[in-house]
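Read top to bottom, the protein sequences are chains F, V, D and P.
Take the first sequence: its position 160, counted from the start at 1, is 160 in this note's numbering, and no numbers get skipped.
So the number in this note's numbering is just where the residue sits in the second sequence, counting from 1, plus 291.
So the number in this note's numbering is just where the residue sits in the third sequence, counting from 1, plus 582.
So the number in this note's numbering is just where the residue sits in the fourth sequence, counting from 1, plus 873.
Glycine is no exception: its CB is placed at the ideal position from the N, C-alpha and C atoms.
Beneath this line is the structure, given in structure tokens, with notes to follow.
Protein chains: 4
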Amino acid sequence: MKLGFIGLGNMGAAMARNLLHAGHEMAVYNRTPAKADALVREGARLAKSPAEACRDADAVHTMLADDTALEHVALGADGILGSLASTSVHISHSTISTALARRLAQEHGAKGQGFLSAPVFGRPEAAEAKRLLVVAGGESDLIQRCRPLFEAIGRETFVAGPQPWQANAVKVCGNFMIATMLETFGEAFATLRKSNVTPSLFLDVMNALFGSPVYANYGRAIVENRFEPAGFALRLGLKDVRLALAAAEEATAPMPIASLLRDHFLDALAHGQGDLDWSSVARVAARNAGL
Amino acid sequence: MKLGFIGLGNMGAAMARNLLHAGHEMAVYNRTPAKADALVREGARLAKSPAEACRDADAVHTMLADDTALEHVALGADGILGSLASTSVHISHSTISTALARRLAQEHGAKGQGFLSAPVFGRPEAAEAKRLLVVAGGESDLIQRCRPLFEAIGRETFVAGPQPWQANAVKVCGNFMIATMLETFGEAFATLRKSNVTPSLFLDVMNALFGSPVYANYGRAIVENRFEPAGFALRLGLKDVRLALAAAEEATAPMPIASLLRDHFLDALAHGQGDLDWSSVARVAARNAGL
Amino acid sequence: MKLGFIGLGNMGAAMARNLLHAGHEMAVYNRTPAKADALVREGARLAKSPAEACRDADAVHTMLADDTALEHVALGADGILGSLASTSVHISHSTISTALARRLAQEHGAKGQGFLSAPVFGRPEAAEAKRLLVVAGGESDLIQRCRPLFEAIGRETFVAGPQPWQANAVKVCGNFMIATMLETFGEAFATLRKSNVTPSLFLDVMNALFGSPVYANYGRAIVENRFEPAGFALRLGLKDVRLALAAAEEATAPMPIASLLRDHFLDALAHGQGDLDWSSVARVAARNAGL
Amino acid sequence: MKLGFIGLGNMGAAMARNLLHAGHEMAVYNRTPAKADALVREGARLAKSPAEACRDADAVHTMLADDTALEHVALGADGILGSLASTSVHISHSTISTALARRLAQEHGAKGQGFLSAPVFGRPEAAEAKRLLVVAGGESDLIQRCRPLFEAIGRETFVAGPQPWQANAVKVCGNFMIATMLETFGEAFATLRKSNVTPSLFLDVMNALFGSPVYANYGRAIVENRFEPAGFALRLGLKDVRLALAAAEEATAPMPIASLLRDHFLDALAHGQGDLDWSSVARVAARNAGL
Chain F
1 MKLGFIGLGN
11 MGAAMARNLL
21 HAGHEMAVYN
31 RTPAKADALV
41 REGARLAKSP
51 AEACRDADAV
61 HTMLADDTAL
71 EHVALGADGI
81 LGSLASTSVH
91 ISHSTISTAL
101 ARRLAQEHGA
111 KGQGFLSAPV
121 FGRPEAAEAK
131 RLLVVAGGES
141 DLIQRCRPLF
151 EAIGRETFVA
161 GPQPWQANAV
171 KVCGNFMIAT
181 MLETFGEAFA
191 TLRKSNVTPS
201 LFLDVMNALF
211 GSPVYANYGR
221 AIVENRFEPA
231 GFALRLGLKD
241 VRLALAAAEE
251 ATAPMPIASL
261 LRDHFLDALA
271 HGQGDLDWSS
281 VARVAARNAG
291 L
Chain V
292 MKLGFIGLGN
302 MGAAMARNLL
312 HAGHEMAVYN
322 RTPAKADALV
332 REGARLAKSP
342 AEACRDADAV
352 HTMLADDTAL
362 EHVALGADGI
372 LGSLASTSVH
382 ISHSTISTAL
392 ARRLAQEHGA
402 KGQGFLSAPV
412 FGRPEAAEAK
422 RLLVVAGGES
432 DLIQRCRPLF
442 EAIGRETFVA
452 GPQPWQANAV
462 KVCGNFMIAT
472 MLETFGEAFA
482 TLRKSNVTPS
492 LFLDVMNALF
502 GSPVYANYGR
512 AIVENRFEPA
522 GFALRLGLKD
532 VRLALAAAEE
542 ATAPMPIASL
552 LRDHFLDALA
562 HGQGDLDWSS
572 VARVAARNAG
582 L
Chain D
583 MKLGFIGLGN
593 MGAAMARNLL
603 HAGHEMAVYN
613 RTPAKADALV
623 REGARLAKSP
633 AEACRDADAV
643 HTMLADDTAL
653 EHVALGADGI
663 LGSLASTSVH
673 ISHSTISTAL
683 ARRLAQEHGA
693 KGQGFLSAPV
703 FGRPEAAEAK
713 RLLVVAGGES
723 DLIQRCRPLF
733 EAIGRETFVA
743 GPQPWQANAV
753 KVCGNFMIAT
763 MLETFGEAFA
773 TLRKSNVTPS
783 LFLDVMNALF
793 GSPVYANYGR
803 AIVENRFEPA
813 GFALRLGLKD
823 VRLALAAAEE
833 ATAPMPIASL
843 LRDHFLDALA
853 HGQGDLDWSS
863 VARVAARNAG
873 L
Chain P
874 MKLGFIGLGN
884 MGAAMARNLL
894 HAGHEMAVYN
904 RTPAKADALV
914 REGARLAKSP
924 AEACRDADAV
934 HTMLADDTAL
944 EHVALGADGI
954 LGSLASTSVH
964 ISHSTISTAL
974 ARRLAQEHGA
984 KGQGFLSAPV
994 FGRPEAAEAK
1004 RLLVVAGGES
1014 DLIQRCRPLF
1024 EAIGRETFVA
1034 GPQPWQANAV
1044 KVCGNFMIAT
1054 MLETFGEAFA
1064 TLRKSNVTPS
1074 LFLDVMNALF
1084 GSPVYANYGR
1094 AIVENRFEPA
1104 GFALRLGLKD
1114 VRLALAAAEE
1124 ATAPMPIASL
1134 LRDHFLDALA
1144 HGQGDLDWSS
1154 VARVAARNAG
1164 L
């Protein structure tokens, strides 16, 4: 297939590379073009605008930081909406709001273009290793057609439902689950440190109990107070909690733990932790306990 | 070794059996004596009182429902404190308050008796399969001496610290981690159900993400709305959240998620869920979303 | 002075009338023109668009339901921004976001037009009786010039600061204080009803304790379960809590009680209380207690 | 009437004085006897034990710091229970748990002694000025008989119900209402200070809005950061929040704001604010906002 790929950060570059190496023809675009160099050396074509990345493409992938960035690339001048062929599909991998996913579905639909939301779970290492989890939302036929693309970047593909935004709801709820785990470690460690129990002992018990690499990795970072460089910056974590609350509000469903997370992420931000890894939210509970 | 074992509920009976089959001599006591029948057939001696279970014992194990039950057995008339030899040790496996653990350590100490807290993680099936996690607190020598006993009932032993109550702090913080996971499933499912996303789809994604049998098993129960028979009754879950809050208060450490859990467990209790499995706390979030 | 007044709901109509009766010349505009009839009979001129209400006006007042309505009237086609003379001032009385207030300040400033935020506290009866509290934000000179207008509608005028949005921050924080009081009544009544204490007894004590008409009036409504007709609809209450959280987030300040209120207002909305008075949020605590 | 009065702190001494000056004969007891000197000079008789304060008394009043102190005085050696005549009544003014009130009702009842709970609202100045609010719980006849005593210390008497503990439920719920108000000021001030709005401006608006001396006085203290000497120490405030949560738990009613207050009072305690006035809880919100 002929592909476009827009957004070559740590995640996007790794995903694009895997698609390229799976044998697809590819045009790549990034606001800072230097990030495309390596991919161009490996055979990708450099596009000078989102529009150019769409030219002749069967599918154009986007992997961007937030709603604003995707709105710009998709709906702005020289954007995807105005350039994509009507038989082609825009596959959005970004963690965006369910509201924007709905809007994009509608606008692409009005032009006869396809639109899928396919956010992913996994850090950059997982992206490089084709180990992402892909959650796809949209028309069944379209998902079927794009399945080989998902298989080129991930270890498993899940179908959230016939509406693209449903995949985004799953993604932000999943991130909510992880963020809560970070906070629970923070609270438990605060109590245990003030009880003179070694945090790593508690982590060992939790690893034996949950048997989860997610607990093991994040727990280790918190125990070692190791929050730089950020695998996922706390200010992006706050954004994701906000997206979960927005999805919940659209569904008229209270999520009180998400509300509490939002407050603690704000507290962390007010204490200068915006660029640390989001697992540093555990410091808030420590601080509140006077540690 | 010569052992006493007091408290033969689902957990206690399985633990006692494994100790018995490991070759120890054993006297067993239970308020309702019928529960001792099977163990007596397998070679245990029936004791008619806690005191009798302590006679000649090198160690007496207790596995009881709560503080009140253990206080009765340990400190009451015909209780452990008045009967145990001064070279012997009381090993408490119950999930009790850190305050009671401190009191027992002091009272046993005053009599020259040993005292260890060794609460366990795991459901009855794990107890039967010698797969419990044992968290031991108390004097290092004493723990060393009792290690074979822990190995007879569990797959791994962790040492929380030199004070018995520290093991109880670890135990209640661990249960807090599990209870929070139940609540997060409840909140995420509420939002997703109202977004027409199938709960089992989300569970599949979480299983792929966390890779944890704890998530898998509890998540499945919640998805299937299967809360009877209770593996662990919600009213006991509330008790454990209360114990976590009490341990945190002693440490002067706020645990806001534990506070929120307490409120939701109370809500569940007010809606008649006290005897359902504690994973049914997920219903609270559903109810609050109007489901 | 020559005035325009846009937005003739219960609040706006009463405020416009008091300005008219204070001797000002006035053009009035409302999306549904019939609501202007009474004012026209009393001497106001009917404007057919926001732009027409601005013609020759020294000041144009707006009193609208939310951000969207004010954006439309101020920034839309035939809106205030394009029509107001550069020596004139737009006085916004609506409870809007601090973000929109900032944007309006900027856009009006770019055109050389004045802009003040002057949200008000008080129900329609207070508006009719010239008993509103006016909180004004903006340039000191401009506030001074408009002070007679504020005095025509309220019993006291407060100056929040030199930025219009600061007045909106004060307004949403004030509404947060009231909303919290509603919730506390709900929680206390739930506990006391389940303790067989008569709610009205507790209300009597609180009235003697706080000596506040706000407690007395809302407390009475909750005790009597009297939520219709809504003095202030719960869905608008939710909007205001959201605005408080947004103002707090801009300031990077957690407001955990506001988060909790948001969850309870959502719960109420999910249970069909959107059109009841916002004091009906007290029902959530009752429901959660199984009442 | 012949009275005993036990507990001569700031509150108790003022209440005893008003009873004495109303013409009653009185024996007074305090653990630190020096605190009784002034009353003795004014005509009271010094008792050397709680028992002695009960001798010949028609009613014995207690005003003590907490459950432990009252348990000691009422149920300990030389305590009220063993000394009071069976036709006499124990009137407990302390802010104690509903559980202890129930226990005292039962134990006094078993001895044929009367028992009333009559906790009071008001600070020491109000006690001196006979301006307390008295909330009485217990048998109607008994309350009727003791009404003159309540009228000698307060400006208004309320009857909570036929069970003494109901008065304690009202008292702790009332304190919960005040504590919440403190916290809301804290949260609003944090957001407004970070928005460069002067706290005293907001307080002025809230005073005009609520018209409540309770808001005015506490708000002023918070604005002026004036928390010493403590009118009511934060560690006692935490105790009262705990009592509200305990009363709510007995009623199986969640009180999520009370849970949040508990967490913030604990946070304050962990930051060394235990002996400051409880209004200093407002500092927690400021700290969490990075102020």
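Open item on the list: Is the beta carbon of F:L104 closer than 7 Å to that of F:F121?
Closed with: Your numbering for residue 121 of chain F matches position 121 in the first sequence. Your numbering for residue 104 of chain F matches position 104 in the first sequence. Taking 7 Å as the Cβ cut-off, F:F121 and F:L104 do not qualify as a contacting pair.
Task: C-beta neighbour in chain F for D:P838, strict 7 Å - done: Mapped onto the third sequence, residue 838 of chain D falls at position 256. Yes, because at least one Cβ of chain F sits closer than 7 Å to the Cβ of D:P838.
Task: Length-filtered (4 minimum) alpha helix (DSSP H) runs lying within the stretch 625-677 of chain D - done: Complete alpha helix (DSSP H) runs here, min 4: 632-636 and 649-657.
Task: N-terminal and C-terminal residue of the alpha helix (DSSP H) that D:V863 is part of - done: For the purposes of this step, residue 863 of chain D is taken as the residue at position 281 of the third sequence. It is not in any alpha helix (DSSP H) - D:V863 carries neither H nor E in the DSSP assignment.
- [ ] For F:R41, count neighbouring Cβ atoms within 10 angstroms of its own Cβ and tell me buried if that reaches 16, exposed if not.
- [x] Your numbering for residue 41 of chain F matches position 41 in the first sequence. With a 10 Å radius around the Cβ and a threshold of 16 neighbouring Cβ atoms, F:R41 comes out exposed.
Task: Cβ-based contacts, 8 Å cut-off: residues of the stretch 426-442 of chain V near chain F - done: Residues V426.
Open item on the list: I want to see whether chain P comes within less than 7 Å of D:S862, judged by CB atoms only; does it?
Closed with: Locating residue 862 of chain D in the third sequence gives position 280, counting from the first residue. No, D:S862 does not count as interfacial toward chain P.
Open item on the list: Suppose only complete runs of 4+ residues qualify. What are the alpha helix (DSSP H) ranges in the stretch 706-756 of chain D, listed by chain order?
Closed with: Taking only runs of at least 4 residues, the alpha helix (DSSP H) segments lying wholly in the stretch 706-756 of chain D are 706-710 and 722-735.
- [ ] Please look up how many angstroms separate the CB atoms of P:A1049 and D:A770, rounded, as I've assumed it's under 8 Å.
- [x] Looking up residue 1049 of chain P in the fourth sequence gives position 176. Looking up residue 770 of chain D in the third sequence gives position 188. Here residue 1049 of chain P turns out to be Phe, not Ala, going by the sequence shown. With 8 Å as the limit, P:F1049 and D:A770 qualify as a contact, their Cβ atoms being about 6 Å apart.
TODO: Using beta-carbon positions only, say whether D:I804 and D:S861 come within less than 7 Å of one another.
DONE: Numbered from its first residue, the third sequence carries residue 804 of chain D at position 222. Numbered from its first residue, the third sequence carries residue 861 of chain D at position 279. Contact check for D:I804 against D:S861 passes: the beta carbons are separated by less than 7 Å.
Open item on the list: For the beta strand (DSSP E) containing P:E990, name the first residue and the last one.
Closed with: Position 117 of the fourth sequence, counted from the start, is the residue given in the question as residue 990 of chain P. Reading the sequence as shown, one finds Ser at residue 990 of chain P and not Glu. DSSP places P:S990 in the uninterrupted beta strand (DSSP E) bounded by G987 to S990.
Task: Helix, strand or coil at P:G877 according to DSSP, with G and I counted as helix - done: Working through the fourth sequence from its first residue, we reach residue 877 of chain P at position 4. Look at P:G877 here: in three-state DSSP terms it is strand.
TODO: Taking only the alpha-carbon atoms, compute the straight-line gap between F:L133 and F:E125 and give it to the nearest angstrom.
DONE: The count along the first sequence starts at 1 and reaches residue 133 of chain F at position 133. The count along the first sequence starts at 1 and reaches residue 125 of chain F at position 125. So the two alpha carbons sit approximately 13 Å from each other.
Task: Beta carbon of V:L311 nearer than 7 Å to that of V:V380 - done: Reading the second sequence from its first residue, position 20 is the one you call residue 311 of chain V. Reading the second sequence from its first residue, position 89 is the one you call residue 380 of chain V. Their beta carbons are not under 7 Å apart, which means V:L311 does not touch V:V380 by this criterion.
Open item on the list: Please report whether the beta-carbon of F:L234 lies at a distance below 7 Å from any beta-carbon of chain D.
Closed with: If you number the first sequence from 1, residue 234 of chain F lands on position 234. No, no contact with chain D.
Open item on the list: Here's a check: name, in chain order, each residue in its chain whose Cβ is nearer than 7 Å to the Cβ of F:E139, leaving out the five neighbours to either side.
Closed with: On the first sequence, position 139 is the one that residue 139 of chain F refers to. Excluding positions up to five away in sequence, the list reads P162.
Open item on the list: Can you tell me whether F:M255 is helix, strand or coil according to DSSP?
Closed with: The count along the first sequence starts at 1 and reaches residue 255 of chain F at position 255. Looking at F:M255 - three-state DSSP - the assignment turns out to be coil, as it is neither helix nor strand.
Task: Proximity winner among P:A1126, P:Y1088, P:H1144 and P:L957, relative to P:L830 (alpha-carbon distances) - done: In the structure as shown, chain P begins at 874 and stops at 1164. Residue 830 of chain P is therefore absent and cannot be evaluated.
Task: Exposed unless 16 or more other CB atoms sit within 10 angstroms - verdict on D:T677 - done: On the third sequence, residue 677 of chain D is found 95 positions in, with the first residue counted as 1. D:T677 is buried by the Cβ-count criterion.
Task: CB contact check: F:G290 to chain P, cutoff 7 Å - done: Taking the first sequence and counting its residues from 1, the one referred to as residue 290 of chain F is at position 290. Yes, contact with chain P.
Open item on the list: Considering just the uninterrupted stretch of the beta strand (DSSP E) at P:A900, what are its terminal residues?
Closed with: Counting from 1 along the fourth sequence, the entry for residue 900 of chain P is found at position 27. Unbroken beta strand (DSSP E) run through P:A900: E898 to Y902.
TODO: Output the boundary residues of the alpha helix (DSSP H) element that contains F:A239.
DONE: Taking the first residue of the first sequence as 1, we reach residue 239 of chain F at position 239. Checking the displayed sequence, the identity of residue 239 of chain F turns out to be Lys instead of Ala. Residues L234 to E250.
Open item on the list: Applying the 10 Å Cβ sphere with the 16-neighbour rule, what's the burial state of P:N1090?
Closed with: Within the fourth sequence, the letter at position 217 stands for residue 1090 of chain P. A residue is called buried when at least 16 other Cβ atoms come within 10 angstroms of its Cβ; P:N1090 does not meet this threshold and is exposed.
- [ ] Starting from D:S777, follow the alpha helix (DSSP H) in both directions and report where the run begins and ends.
- [x] Residue 777 of chain D sits at position 195 when you count from the first residue of the third sequence. Note, D:S777: premise wrong, no alpha helix (DSSP H); not H, not E.
- [ ] Assign D:F792 to one of three DSSP states: helix, strand, or coil.
- [x] Locating residue 792 of chain D in the third sequence gives position 210, where the first residue counts as 1. D:F792: helix per DSSP, three-state reduction.
TODO: Flag this pair as yes or no: are the beta carbons of V:A481 and V:A576 separated by less than 7 Å?
DONE: Stepping through the second sequence from its first residue, residue 481 of chain V is reached at position 190. Stepping through the second sequence from its first residue, residue 576 of chain V is reached at position 285. Pairing V:A481 with V:A576 gives a Cβ-Cβ distance under 7 Å.
Open item on the list: For D:V875, tell me which candidate among D:L646, D:V823 and D:Y797 has the shortest Cα-Cα distance.
Closed with: The shown model of chain D, from 583 to 873, leaves out residue 875 of chain D, and the question about it has no answer.
Task: Backbone secondary structure at P:D1148 - three-state DSSP - done: For this step, residue 1148 of chain P is matched to residue 275 along the fourth sequence. P:D1148 carries a coil assignment under DSSP once its states are collapsed to helix, strand and coil.
Task: C-alpha distance - D:E733 paired with D:L585, whole-angstrom precision - done: Taking the first residue of the third sequence as 1, we reach residue 733 of chain D at position 151. Taking the first residue of the third sequence as 1, we reach residue 585 of chain D at position 3. Note on geometry: alpha-carbon atoms of D:E733 and D:L585 lie some 15 Å from one another.
Task: Positions along the stretch 259-287 of chain F whose CB lies within less than 7 Å of some CB in chain V - done: Flagged, chain order: L260.
Task: Local Cβ density within 10 Å of P:P1037, reported as buried at 16 or more and exposed below that - done: Locating residue 1037 of chain P in the fourth sequence gives position 164, counting from the first residue. Buried, since its Cβ has 16 or more Cβ neighbours within 10 Å.
Task: Distance, F:A179 Cα to F:G237 Cα - done: Counting from 1 along the first sequence, the entry for residue 237 of chain F is found at position 237. Counting from 1 along the first sequence, the entry for residue 179 of chain F is found at position 179. For F:G237 and F:A179, the distance between alpha carbons rounds to 8 Å.
Task: Distance CB(F:F5)-CB(F:H72) smaller than 7 Å - done: The count along the first sequence starts at 1 and reaches residue 5 of chain F at position 5. The count along the first sequence starts at 1 and reaches residue 72 of chain F at position 72. Taking 7 Å as the Cβ cut-off, F:F5 and F:H72 do not qualify as a contacting pair.
- [ ] Tell me whether D:F703 sits in a helix, a strand or coil according to DSSP, three-state version.
- [x] Counting from 1 along the third sequence, the entry for residue 703 of chain D is found at position 121. Strand at D:F703.
- [ ] Pull up the CB-CB distance for D:A555 and D:G664, whole angstroms please, since I reckon it's below 8 Å.
- [x] The structure shown does not extend to residue 555 of chain D, since chain D is modelled only from 583 to 873, so the question has no answer here.
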